[in-house]
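Numbering (full-length UniProt numbering), first residue to last: 1 to 425. Heads up, the beta-carbon is just placed ideally off N, CA and C, and yes, glycines get one too. These notes are about the structure you will find just below.
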Amino acid sequence: MAGKGANTSATKGKKKEVKKETGLGLSYNKDENFGEWYSEVVVNGEMIEYYDISGCYILRPWAMSIWEIMQTFFDAEIKKMKIKNCYFPLFVSSGVLQKEKDHIEGFAPEVAWVTKSGESELEMPIAIRPTSETVMYPYFSKWIRGHRDLPLRLNQWCNVVRWEFSNPTPFIRSREFLWQEGHTAFATMEEADTEIGVMVMVHGDDKGLVLPPKVASVQVIVIPVPYKDANTQGIFDACAATVKTLNEAGFRAEADYRDNYSPGWKYSHWEMKGVPLRIEIGPKDLANNQVRVVRRDNSAKSDISMASLVEGVKETLDNIQQSLFDVAKQKRDACIQVVNTWEEFAEALGQKKMILAPWCDEEGPCALHPASQFRQKNPGRKAASSGSSKAKDTNKKAKRKPPAQSEGRKKRREVESNRDEDDAD
């Protein structure tokens with residue numbers, strides 16, 4: 001008969017039981033099986049649906065609304081800096097791509113090509129943009145004829161396609177994704193789509209999503225809690241009045257009046273979707289002219305009078321936003337380590353830390369690649385084994401790249417060096 005310890009060991013990696021009363025529980029714990037937990041959260045939280053092409057996903061309204069809120073905020077801010085929106089075509093000619101082969105060298109294995117129209121082969125294959133510099137910059141040179149044409153400040157909201165070969169992950173590594181890219185004389189890019197995935201990973205828990213109030217499409221969900229002999233209509237009227245008051249005050253609030261689900265089911269449903277604040281209104285709340293408020297981030301409960309509803313909700317949402325930021329910052333800071341010696345580097349790498357190390361000149365004695373040093377000091381072990389799966393993906397990509405890659409990088413370094421000399425002159 002197996003002992004207690006054996007039983008614990010045998011069940012450690014197994015799925016946890018889904019809540020039978022709601023059917024909404026997650027099958028995996030975040031701390032024990034992060035990858036499976038993440039995949040389950042983004043589906044059960046109604047953010048994405050898997051598509052029949054690997055690496056492509058349907059963005060459901062819950063996720064799309066987060067993107068739109070981020071887009072609206074950012075777009076308004078860059079317009080204050082006199083940056084104008086534009087849109088360039090999705091397709092790139094093979095000739096243009098070939099001219100910029102050094103620039104897109106890292107993307108080359110991931111470029112998707114259109115080679116046929118119906119049953120006919122195209123005379124020249126057409127690429128689907130992996131990034132937009134090669135599309136935009138030939139026209140920059142056409143539009144900029146002198147200093148009077150500067151500055152040229154353009155922004156583009158678009159989708160790009162990179163045919164990732166392995167381990168596609170919603171919002172993190174997908175074959176098509178939305179992004180924002182700003183371009184002046186020099187390119188800068190922001191992969192805002194990735195921010196959604198990082199937000200899920202950092203803030204989510206074993207109940208599902210945890211959305212920061214600033215990006216949640218629904219900041220407050222109001223749930224009526226009627227009892228058998230209660231004044232049901234009065235409770236519903238109070239819920240409607242609460243939503244109206246909050247919406248007029250600028251909050252994004254909704255009520256869940258569905259009568260085919262119990263209040264408990266609704267609690268779990270909206271917790272899974274990550275709504276920052278839940279308001280419950282039952283007979284006692286109605287009698288006391290108050291509402292019960294429940295935070296999503298820490299499940300703390302409190303009562304707020306109807307007279308101070310707007311102020312109380314604002315204060316609570318502000319506190320949730322700050323609390324989520326503080327917790328995320330603490331987690332990040334705990335994962336960063338400054339190192340000054342190889343021994344410190346190896347130890348931090350083994351602990352999967354983000355490492356800040358002094359810069360090493362490529363021609364100096366310290367230029368030996370860290371992986372080589374790791375193998376020398378740790379025979380039989382691989383440096384990537386102590387890092388994340390992303391490190392392994394990077395190694396695989398490096399093997400797929402053509403030998404000319406290092407030459408391309410060398411040329412870019414020479415160009416950058418020449419630019420530095422010109423600036424110095």
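Nearest neighbour of residue i, chosen from the options [CA to CA]
i: P89; options: T131, K82, D75, E343; result: T131
i: residue 427; options: D285, V294, S262, Q219; result: The first residue shown for the chain is 1 and the last is 425, placing residue 427 beyond what the model contains.
i: A249; options: V313, T72, G35; result: V313
i: V339; options: K331, A328, K329, K353; result: K353
i: L59; options: D75, V42, T72; result: V42
i: M201; options: S65, V327, Y51; result: V327
i: L150; options: W157, Y227, F140; result: F140
i: S262; options: Q351, P224, I78; result: P224
i: D229; options: E32, S117, P283; result: P283
i: Y227; options: L26, G264, L211; result: G264
i: N44; options: W270, S305, I304, G350; result: W270
i: G95; options: I78, M124, A334; result: M124
i: R258; options: K266, S65, M64; result: K266
i: M306; options: A63, K80, C335, I279; result: I279
i: V111; options: K80, W163, K79; result: W163
i: C335; options: I78, K79, Q351; result: Q351
Span separating the alpha-carbon of residue i from that of residue j
i: N395; j: Y137; result: Caution applies to N395, whose pLDDT of 41 falls short of 50 and renders its modelled position unreliable; the model cannot decide the point.
i: S54; j: P168; result: 8 angstroms
i: V161; j: Y87; result: 16 angstroms
i: I48; j: W67; result: 13 angstroms
i: N289; j: E36; result: 44 angstroms
i: W342; j: K329; result: 27 angstroms
i: P109; j: Q98; result: 14 angstroms
i: V275; j: P358; result: 43 angstroms
i: C56; j: Y50; result: 7 angstroms
i: E33; j: F91; result: This sequence places Asn at residue 33; Glu is not what is there. Their backbone Cα atoms lie some 39 angstroms apart in a straight line.
i: S93; j: D52; result: 28 angstroms
i: R295; j: E119; result: 58 angstroms
i: P61; j: G146; result: 45 angstroms
i: I128; j: I304; result: 54 angstroms
i: A76; j: M199; result: 22 angstroms
i: T232; j: R252; result: 24 angstroms
i: W179; j: Q71; result: 9 angstroms
i: N260; j: F73; result: 37 angstroms
i: residue 426; j: D333; result: For the chain, the structure presents residues 1 to 425; residue 426 sits outside this window and is missing.
i: residue 431; j: K331; result: Beyond the ends of the chain as shown, which are 1 and 425, falls residue 431; an answer cannot be given.
i: L211; j: N247; result: 19 angstroms
i: G25; j: S299; result: 16 angstroms
i: V148; j: E344; result: In the sequence as presented, Val is not what sits at residue 148; that position holds Arg. About 53 angstroms.
Residue i and residue j closer than 8 angstroms at C-beta
i: F177; j: N159; result: yes
i: D297; j: S268; result: no
i: L356; j: K273; result: no
i: I126; j: W143; result: no
i: V293; j: I281; result: no
i: I235; j: L277; result: no
i: Q337; j: A346; result: no
i: S65; j: S217; result: yes
i: E40; j: Y28; result: yes
Cutoff 6 angstroms; reference residue i; Cβ partners in own chain excluding five residues on either side
i: I69; result: V215
i: A255; result: V222, C239, V243
i: S117; result: none
i: A241; result: none
Cutoff 7 angstroms; reference residue i; Cβ partners in own chain excluding five residues on either side
i: K245; result: In the sequence on display, residue 245 carries Thr and not Lys. Closer than 7 angstroms at the Cβ level, and outside the excluded window around T245, lie L309, V310.
i: E315; result: none
i: K30; result: W37, G204, D205, D206
i: P213; result: Q219, P276, L317, I320, Q321
i: E121; result: T115
i: S302; result: V293
i: D237; result: none
Close Cβ partners of residue i (< 8 angstroms) along its chain, the five nearest in sequence each way excluded
i: K84; result: R153, L154, N155
i: K82; result: R153
Chain B contact for residue i (CB, 8 angstroms cutoff)
i: Y139; result: Annotation note: the requested chain B is absent from the structure, which comprises a single protein chain.
Please give me, in chain order, every unbroken run of the beta strand (DSSP E) with length at least 3 that falls completely inside the stretch 257 to 336. 277 to 281, 290 to 295, 301 to 305
Could you give the uninterrupted runs of the beta strand (DSSP E) lying entirely in the stretch 194 to 236, keeping only those of 3 residues or more? 220 to 224
Ignoring anything shorter than 4 residues or poking outside the stretch 46 to 106, list the alpha helix (DSSP H) runs there in chain order. 61 to 79, 94 to 99
At which residue ranges does the stretch 101 to 146 contain complete alpha helix (DSSP H) runs of 4 or more residues, listed in the order of the chain? 133 to 143
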